[in-house]
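For the sequence shown, my numbering gives the first residue as 15, with consecutive numbering after it.
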Amino acid sequence: MTATPPDVLRCAYAELVVTDLAASRAFYVDVLGLVVTHEDSSALYLRAFEEYLHHSLILRKGPTAALAVLAYRVRSAADLDLADAYYRSLGCRVERRAAGATRGIGEAVRVIDPLGFPVEFFHEAEHVERFTQRYDVHGAGALSRLDHFNLDTPDVPAARRYYEGLGFRVSEDIQDDEGTVYAAWMFRKPTVHDVALTGGDGPRLHHIAFASHERHQILHICDHLGALRKPGMIERGPGRHGVSNAFYLYVRDPDGHRIEIYTHDYYTGDPDNPVITWDVHDNQRRDWWGNPVVPSWYTDASVVLDLAGAVAPVVARAEPREADVTIGADGFSFSAGSAEFKLGEQV
Ligand SMILES: O=C1C=CC(S(=O)(=O)O)=CC1(O)O
Ligand SMILES: [Ca+2]
Ligand SMILES: [Fe+2]
Numbered sequence: 015m016t017a018t019p020p021d022v023l024r025c026a027y028a029e030l031v032v033t034d035l036a037a038s039r040a041f042y043v044d045v046l047g048l049v050v051t052h053e054d055s056s057a058l059y060l061r062a063f064e065e066y067l068h069h070s071l072i073l074r075k076g077p078t079a080a081l082a083v084l085a086y087r088v089r090s091a092a093d094l095d096l097a098d099a100y101y102r103s104l105g106c107r108v109e110r111r112a113a114g115a116t117r118g119i120g121e122a123v124r125v126i127d128p129l130g131f132p133v134e135f136f137h138e139a140e141h142v143e144r145f146t147q148r149y150d151v152h153g154a155g156a157l158s159r160l161d162h163f164n165l166d167t168p169d170v171p172a173a174r175r176y177y178e179g180l181g182f183r184v185s186e187d188i189q190d191d192e193g194t195v196y197a198a199w200m201f202r203k204p205t206v207h208d209v210a211l212t213g214g215d216g217p218r219l220h221h222i223a224f225a226s227h228e229r230h231q232i233l234h235i236c237d238h239l240g241a242l243r244k245p246g247m248i249e250r251g252p253g254r255h256g257v258s259n260a261f262y263l264y265v266r267d268p269d270g271h272r273i274e275i276y277t278h279d280y281y282t283g284d285p286d287n288p289v290i291t292w293d294v295h296d297n298q299r300r301d302w303w304g305n306p307v308v309p310s311w312y313t314d315a316s317v318v319l320d321l322a323g324a325v326a327p328v329v330a331r332a333e334p335r336e337a338d339v340t341i342g343a344d345g346f347s348f349s350a351g352s353a354e355f356k357l358g359e360q361v
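Structure (structure tokens):
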């Protein structure tokens, strides 16, 4: 009999290993405006303005830039035993962590999931001041909350089945007419996604996304990076996504970790929420305006650690790669079903 999965509420925090804590602090606090809940010589605990749990991002100093853990909040403490049994039934490495093993987080279950990612499930967490209306401390680029994780994984259908087993539903995906699946977006909270599965060499972290309330906050972050003479930290965008319809920006932190800033997408909470499937050749799927996707967006991602802190081996994607097959918003462009042809940069 299949074990009962934990009741996942949402993506809740990530821990990134960074090689220069001061440089990272300058980026995440001074440019992105995240609030410092706690800091010491080895780590920064950060949150966005609408968040009242201790943190949604930990930056920990270390020798190799990597993802240390992705954490999902579960509905109750009872879900920790369900998580423990569920992952043991899947044959995964499982660790129980006492309250406080991670500052601000209660008892937790940490696993290496079937896709090779370090994932934690927790319920209890320390509450701190929620800065929703502390407009006196919001900067012009204020971020409201953590929105999603995007994961590079070689076999998207297998990853989709694994997350469906956890009760996640698909909101959108990208396929071709041979049935190859290039990416899928899946949710527990009623938005487009808590996790996106991007077909690629993995396990690797493609990005972590924070939501802002307005497009002007995204534009301010771009202007701020320009003022710092650091436009190279802007990797892709600003623009309007086809998938999710969110206004977006991708930036690269001092270690190359990718962070997306993402304005609100759309509500997905009804049981009959329609799934949107995009053709991989539709040049509006990744950018509604048909702008090319920079090659680094397809190639670069952060390695992940195992429970002992070693870098996990990366498995190459066997299926076709999106950047190789599409002439959509990644190079030469045409809109699905139309003769319009727009020359872009060839990948
Ligand atoms: O959050 C996202 C929503 C949409 C897209 S896409 O580039 O429009 O496919 C990418 C993304 O996964 O980062
Ligand atoms: Ca651009
Ligand atoms: Fe994203």
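Beta carbons are placed, not taken as given, at the ideal position from N, Cα and C, and that holds for glycine.
Burial state of residue i, where buried means 16 or more other Cβ atoms lie within 10 Å
i: residue 77; result: exposed
i: residue 28; result: buried
i: residue 303; result: exposed
i: residue 58; result: buried
i: residue 173; result: buried
i: residue 281; result: exposed
i: residue 356; result: Reliability of the predicted coordinates at residue 356 is poor, the pLDDT of 47 falling under 50, and the value obtained from them is presented with this limitation in mind. Exposed.
i: residue 192; result: exposed
i: residue 360; result: Any reading at residue 360 must be qualified, since the residue scores a pLDDT of 38, below 50, and its modelled position is unreliable; the value itself is stated next. The residue is exposed, with fewer than 16 neighbouring Cβ atoms inside 10 Å.
Rounded distance between the beta-carbons of residue j and residue i, thought under 8 Å
i: residue 81; j: residue 30; result: 6 Å
i: residue 113; j: residue 138; result: 7 Å
i: residue 279; j: residue 305; result: The pair is not a contact, with the Cβ atoms about 18 Å apart (cut-off 8 Å).
i: residue 250; j: residue 307; result: 7 Å
i: residue 17; j: residue 99; result: 5 Å
i: residue 253; j: residue 262; result: 6 Å
i: residue 91; j: residue 270; result: The Cβ separation is near 37 Å, so there is no contact.
Distance cut-off 6 Å: residue i Cβ against heavy atoms of ligand 3
i: residue 164; result: yes
i: residue 223; result: yes
Contact test: residue i Cβ vs ligand 1 heavy atom, cutoff 6 Å
i: residue 274; result: yes
i: residue 45; result: no
i: residue 210; result: yes
i: residue 216; result: no
i: residue 258; result: yes
i: residue 300; result: yes
i: residue 278; result: no
i: residue 295; result: no
i: residue 230; result: no
i: residue 255; result: yes
CB contact check: residue i to chain B, cutoff 7 Å
i: residue 123; result: The chain labelled as chain B is not found in the depicted structure, where only one protein chain is given.
Segment contact, 8 Å Cβ cut-off, at least three pairs: the region 149 to 157 with the region 49 to 67: yes
Contact the region 313 to 323 vs the region 213 to 230: 3+ CB pairs below 8 Å: yes
Three or more C-beta pairs below 8 Å linking the region 125 to 133 and the region 162 to 179: As far as the Cβ criterion goes, the region 125 to 133 touches the region 162 to 179, which means the pair count is three or higher.
Any 3 or more C-beta pairs closer than 8 Å across the region 264 to 277 and the region 223 to 235: yes
Any 3 or more C-beta pairs closer than 8 Å across the region 188 to 206 and the region 293 to 302: Judged by Cβ distances under 8 Å, the region 188 to 206 makes contact with the region 293 to 302, as three or more pairs qualify.
Three or more C-beta pairs below 8 Å linking the region 235 to 255 and the region 34 to 48: yes
The region 221 to 229 contacting the region 326 to 343, beta-carbon criterion three pairs below 8 Å: Segment contact: the region 221 to 229 against the region 326 to 343, fewer than three CB-CB distances shorter than 8 Å; contact not assigned.
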